[in-house]
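Number of protein chains: 2
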Amino acid sequence: MGQTIKNAAVQPPPRERILAAARDLFYRHGIRAVGVDAIAEAAATNKMTLYRHFGSKDELISAYLQELAKEGDDLWQRLRETYPDDPHAQIEGWVQHVEQVLTDCSERGCAMANAAVEMREIDHPARQIIDDYKTRKRDQLVRLFSEAGYGEPEQVADEVFLLFEGARISIQCCSQGPALRVVRMLRSLLADHAPKVEVEALAARDAASERKAGAKSGTKSKET
Amino acid sequence: MGQTIKNAAVQPPPRERILAAARDLFYRHGIRAVGVDAIAEAAATNKMTLYRHFGSKDELISAYLQELAKEGDDLWQRLRETYPDDPHAQIEGWVQHVEQVLTDCSERGCAMANAAVEMREIDHPARQIIDDYKTRKRDQLVRLFSEAGYGEPEQVADEVFLLFEGARISIQCCSQGPALRVVRMLRSLLADHAPKVEVEALAARDAASERKAGAKSGTKSKET
DNA sequence: CCACGGCGTTACTGGTCAGTAACATAGTGT
DNA sequence: ACACTATGTTACTGACCAGTAACGCCGTGG
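Chains A and B supply the protein sequences, listed in that same order. In this text, residue positions in the first sequence follow the numbering used here: the first is 1, and each later residue adds one. In this text, residue positions in the second sequence follow the numbering used here: the first is 225, and each later residue adds one.
See below:
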């Protein structure tokens, strides 16, 4: 087990460097626009080592997408572990994640969705990874809203899901437009559909996070 | 003006054929994935004629996007001409258009958004066309909801806009998932935010079109 | 009948890209 | 010290692709 101890301290092994470089370049410039040479160079290695770790560019693409998927899944698991048996807190955590994603990752949108647009061949292995991931996320939203006692969990989950997807695609098409207001939309939508019994508690929670988010013109339909 | 009269009857001039071929191939396989040779061949012509009409592939891409934009704009203008001074009817017409787009164009989503994902270079002329178009659509929605007397036209327009965008991107990522239910969402969302005075009239209108759409589980939150 | 413009055809250039071969090197465990 | 393995290096192949050159064809308009 104790191999390459010193090397690991200085710089990660080539495989990790390649994946990191691929991730950066694929996301910034697009998958089809980036050649393996560029990735190898950005990873401070060469094409041969790349091909020893990933048999083909397609394999590298799959590994790239699977890494993204794993991180997305990890985030959800962390949410569940951080607020066990508190689906409302998990929802709020997810909304904050959405907010963060839309404020820093600006410009390039969702790497998974972009990959799906670029890899159009229906039999490409990447498509399966993406589809599985997106379906999983949508189902997790359904489960979450269901656990939180929402009346129509599927409907709310779909709406929230599509708003988030729409925000990340239109951040690439529509200059600084609707995407920036999506967090406000999410909060107001969730408040509208929240289980009736806990409306007050939820309103309090929302008010707290709104305060730190810097409220401008009221979320309307809330205080009335 | 009267030139090539007989030819036009048999088959459209090369420029139109090239644009039509480009449109089909770009949309189905992606812009980067399609070479000019393939387009020329699909247009039953050759690369030289293509380059005589479009100086470069980028120019062809721009022409392709501008054609798409023009058709989108025409649709809106037709809506305004068909139902002058009746913004509610225009809204309903737009929703029906959304429904139609999401049922037949299945699989490939929005050609404009896909193009934006593929053309990542910020200075690419295509990006300007796409951005202008999307911004225009969003603004037209705002104006429409404003004319229809909605209380928060910007908010409703943004939400509707993002739902539609989200539906068209996730139709490519998430197998047969949330996208199919977006029309229901739109109708219920619009009903929720419609100007209070006309709630009954709008409900009647919605009920009429719901009947033909084949209602399953109720739109909820409406009849309560 | 002739000139001209739009179109077709072939062949080419220069560049990029995925993938491979062969060889050299350095670190590790024994 | 030795062998093994992971890595680096160089150079190559074959394919594809955007864009161009040169020439030939044909219809129209004078």
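All C-beta atoms in this analysis are idealised placements derived from N, C-alpha and C, irrespective of residue type, glycine included. Since we're looking at a predicted model, the values are computed, not measured.
Keeping to the same chain, check which residues put their C-beta closer than 8 Å to that of residue 58 of chain A; ignore five residues upstream and five downstream. What you label residue 58 of chain A is simply residue 58 of the first sequence in a count that begins at 1. Around residue 58 of chain A: 124, 125 and 126.
Counting along the chain, where does the alpha helix (DSSP H) carrying residue 55 of chain A start and finish? Sequence index remark: in the first sequence, residue 55 of chain A carries index 55 (1-based). Element bounds for residue 55 of chain A: n/a, residue is neither H nor E.
Determine whether the beta carbon atoms of residue 169 of chain A and residue 393 of chain B lie at a separation below 7 Å. Working through the first sequence from its first residue, we reach residue 169 of chain A at position 169. Working through the second sequence from its first residue, we reach residue 393 of chain B at position 169. Against a cut-off of 7 Å, the Cβ pair of residue 393 of chain B and residue 169 of chain A comes out as a contact.
Burial state of residue 299 of chain B, where buried means 16 or more other Cβ atoms lie within 10 Å: Here residue 299 of chain B corresponds to residue number 75 of the second sequence, with the count starting at 1. Flag for residue 299 of chain B reads exposed.
Please state whether DSSP places residue 111 of chain A in a helix, a strand or coil. The residue given as residue 111 of chain A occupies position 111 in the first sequence. Note: residue 111 of chain A maps to helix in three-state DSSP.
Other residues of its chain near residue 152 of chain A: CB distance less than 8 Å, five sequence neighbours each side excluded: Residue numbering aside, residue 152 of chain A sits at position 152 when the first sequence is read from its first letter. Within the same chain, Cβ atoms closer than 8 Å to the Cβ of residue 152 of chain A are found at 193, the five residues on either side in sequence being excluded.
Closer than 8 Å, Cβ to Cβ, to anything on chain B: give me those residues from the stretch 170-181 of chain A, in chain order. Contacts with chain B (Cβ-Cβ distance below 8 Å) from the stretch 170-181 of chain A involve 170, 172, 173, 174, 175, 177, 178, 179 and 181, listed in chain order.
With respect to 6 Å, is the separation between the Cβ of residue 34 of chain A and the closest non-hydrogen atom of the ligand GTP below this value? The ligand GTP is absent from the structure shown, which contains no ligand whatsoever.
Beta-carbon neighbours of residue 149 of chain A, restricted to chain B and to distances below 8 Å: Along the first sequence, read from residue 1 onward, the residue named residue 149 of chain A stands at position 149. Those do not exist, as residue 149 of chain A stays about 15 Å from chain B at its closest Cβ, beyond 8 Å.
If you run the structure through DSSP and keep just helix, strand and coil, what is residue 133 of chain A? The residue labelled residue 133 of chain A in the question sits at position 133 within the first sequence. In the structure shown, the three-state DSSP call for residue 133 of chain A is helix.
Do residue 179 of chain A and residue 167 of chain A have their CB atoms nearer than 7 Å? Translated into the one-based positions of the first sequence, residue 179 of chain A becomes position 179. Translated into the one-based positions of the first sequence, residue 167 of chain A becomes position 167. Yes; because the gap between Cβ atoms is below 7 Å, this pair is in contact.
Proximity winner among B:277, B:387 and B:301, relative to residue 360 of chain B (alpha-carbon distances): Your numbering for residue 360 of chain B matches position 136 in the second sequence. Checked all of B:277, B:387 and B:301; the closest Cα to residue 360 of chain B is B:301.
For the putative contact between residue 183 of chain A and residue 102 of chain A, defined by C-beta atoms under 8 Å, what is the C-beta separation to the nearest angstrom? Position 183 of the first sequence holds residue 183 of chain A. Position 102 of the first sequence holds residue 102 of chain A. Rounded, the Cβ-Cβ distance is 7 Å, consistent with contact.
Would you call residue 358 of chain B buried or exposed, if buried means 16 or more other Cβ atoms sit within 10 Å of its Cβ? The count along the second sequence starts at 1 and reaches residue 358 of chain B at position 134. Under a 10 Å Cβ-count criterion, residue 358 of chain B is classified as buried, with 16 or more other Cβ atoms of the shown protein chains found around its own Cβ.
Applying the criterion that 16 or more other CB atoms from any shown protein chain within 10 Å of the CB defines a buried residue, is residue 44 of chain A buried or exposed? Position 44 of the first sequence, counted from the first residue, corresponds to residue 44 of chain A. Exposed.
Rounded to a whole number of angstroms, what is the C-alpha to C-alpha distance between residue 373 of chain B and residue 419 of chain B? As a first step, residue 373 of chain B must be located in the second sequence, where it is residue number 149. As a first step, residue 419 of chain B must be located in the second sequence, where it is residue number 195. So the two alpha carbons sit approximately 6 Å from each other.
Going by DSSP in three states, residue 45 of chain A sits in which element: helix, strand or coil? Here residue 45 of chain A refers to the residue found at position 45 when the first sequence is read from its first residue. Coil, per DSSP.
Per DSSP, what kind of secondary structure is residue 11 of chain A in: helix, strand or coil? As a working mapping, residue 11 of chain A is identified with position 11 in the first sequence. Here DSSP, grouped into helix, strand and coil, assigns residue 11 of chain A to coil.
Return the CA-CA distance between residue 139 of chain A and residue 238 of chain B, expressed in angstroms with no decimal places. Along the first sequence, one-based indexing puts residue 139 of chain A at 139. Along the second sequence, one-based indexing puts residue 238 of chain B at 14. Their Cα atoms are separated by approximately 49 Å.
Does residue 234 of chain B pass the burial test, meaning 16 or more other C-beta atoms within 10 Å, or should it be called exposed? Here residue 234 of chain B refers to the residue found at position 10 when the second sequence is read from its first residue. Taking all protein chains in view, the Cβ of residue 234 of chain B is surrounded by fewer than 16 other Cβ atoms within 10 Å, so the residue is classified as exposed.
If I'm right that residue 108 of chain A touches residue 27 of chain A with Cβ under 8 Å, what's the distance once you round it to whole angstroms? In the first sequence, the residue the question calls residue 108 of chain A occupies position 108. In the first sequence, the residue the question calls residue 27 of chain A occupies position 27. Contact between residue 108 of chain A and residue 27 of chain A holds: their C-beta atoms lie close to 6 Å from each other, under 8 Å.
Please report the distance separating the alpha-carbon of residue 240 of chain B from that of residue 83 of chain A. Taking the first residue of the second sequence as 1, we reach residue 240 of chain B at position 16. Taking the first residue of the first sequence as 1, we reach residue 83 of chain A at position 83. Between the C-alpha atoms of residue 240 of chain B and residue 83 of chain A there is a straight-line separation of about 59 Å.
Reference residue 218 of chain B; option with closest CA among B:272, B:248, B:291 and B:254: Absent from the model: residue 218 of chain B. The displayed extent of chain B is 225 to 448, so no value can be given.
Tell me whether residue 341 of chain B sits in a helix, a strand or coil according to DSSP, three-state version. Taking the second sequence and counting its residues from 1, the one referred to as residue 341 of chain B is at position 117. DSSP places residue 341 of chain B in the helix class (H, G or I) of the three-state scheme.
Applying a beta-carbon distance threshold of less than 7 Å, which residues of chain B neighbour residue 73 of chain A? By 1-based counting over the first sequence, the position of residue 73 of chain A is 73. Here the premise fails: no neighbours, minimum Cβ distance about 16 Å.
Kindly give me the distance between the Cβ atoms of residue 118 of chain A and residue 30 of chain A, rounded to whole angstroms, as I take these residues to be in contact under 8 Å. For the purposes of this step, residue 118 of chain A is taken as residue 118 along the first sequence, with counting starting at 1. For the purposes of this step, residue 30 of chain A is taken as residue 30 along the first sequence, with counting starting at 1. Yes, they are in contact, since the Cβ atoms of residue 118 of chain A and residue 30 of chain A sit about 6 Å apart, within 8 Å.
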